[in-house]
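Residue numbers 15 to 230, in my numbering, belong to the letters of the sequence shown in order.
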Amino acid sequence: SSDLDTSTSQSTAHCRCLSTMLAARRALTSVFDSALDSLQDVESSLGWSRWFNGALVPVTNSENLVLTLKSGSLPKDLAGVYMRVGPNAQHWPPQKRTHVFDGDGMVHTVRVKDGKATYHCRFLETPKFLFEKEYGKEWFTRIGEFYGKSGLLKIMTVARKKRVLAGLEHDFETGAANTAIGFTPDGKLWALNEGGAPFRFRLDEAGIPQSLGFDT
């Protein structure tokens, strides 16, 4: 029992040490990255947020918003769902240069049933999204940051390292799943992005998106 207690104590201490080292490496990487950020103009990268009267400004998760018909009526026996996915920045306003394509994937749906149309939108909970949600700000290098000499330095020094320090094993896990929706012959729903694997999700009966994970 004494040997077991000693082993457990040593294991706990080892885990704490590793955790402390990881936190220190993340902090050092963040300091270096922030120094490069200071050489970049964030505001000049956000012109897209003013396009279309602000229609591209990020929104938060929403559920069960009943839409009002402008004219006519929906057939009572019409049932289905309209879906689209697009980039939607989790942290706004951003602290880093941000391209319009950099936002995390958000699925928007309009569920038609019983003569009513109900809108929902929800972030896809990719590993990238979940890490930055817990971290509290942007971590992974974005397209918008590939700007000037400082952007080149980011690519050469911290872009790949950040994935490792976030505990993600594969490059595809940093994908944002924000470009297109695919529907497979066997009934799978995928959110697609050129920089990652297909991210699978489902819709519940109300039409609310539910994240399932990367399909590899």
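We treat Cβ as the ideally placed atom computed from N, Cα and C, and that holds for glycine.
- For the pair Thr43 and Leu179, the CB atoms are nearer than the 8 Å cut-off.
- Beta-bridge partners of Tyr96 (DSSP): Val124.
- Around the beta carbon of Val73, a 10 Å sphere encloses fewer than 16 other beta carbons of the protein chains shown; the residue is thus reported as exposed.
- Take Trp106, set aside five residues on each side of it, and the residues of its chain with a beta-carbon closer than 7 Å to its own are Pro72, in chain order.
- Remark: C-beta atoms of Met120 and Gly150 do not approach each other more closely than 8 Å.
- By the neighbour-count definition (other C-beta atoms within 10 Å, threshold 16), Val172 is a buried residue.
- Relative to Arg216, the option among Ala190, Phe154, Gly158 and Cys135 whose CA is nearest is Cys135.
- Under DSSP, Leu50 takes part in no beta bridge, so it has no partner.
- Counting along the chain, Lys130 sits inside the beta strand (DSSP E) bounded by residues Lys130 to Phe137.
- Around the Cβ of Pro89, a 10 Å sphere holds fewer than 16 other Cβ atoms; the residue is exposed.
- The continuous alpha helix (DSSP H) containing Val178 extends over residues Ala173 to Leu179.
- Within the same chain, and ignoring the five residues on either side of Gln54 in sequence, the residues whose Cβ sits closer than 8 Å to its Cβ are Lys110, Arg111, Glu159, Tyr161, Gly162, Ser164 and Gly165.
- When rounded, the separation of the alpha-carbon atoms in Phe197 and Cys31 is 45 Å.
- For Asn67, the number of other beta carbons within 10 angstroms of its own is below 16, and it is reported as exposed.
- By the C-beta density criterion, Lys130 is exposed, having fewer than 16 other C-beta atoms within 10 angstroms.
- Annotation: the continuous alpha helix (DSSP H) that includes Leu144 extends over Pro141 to Tyr149.
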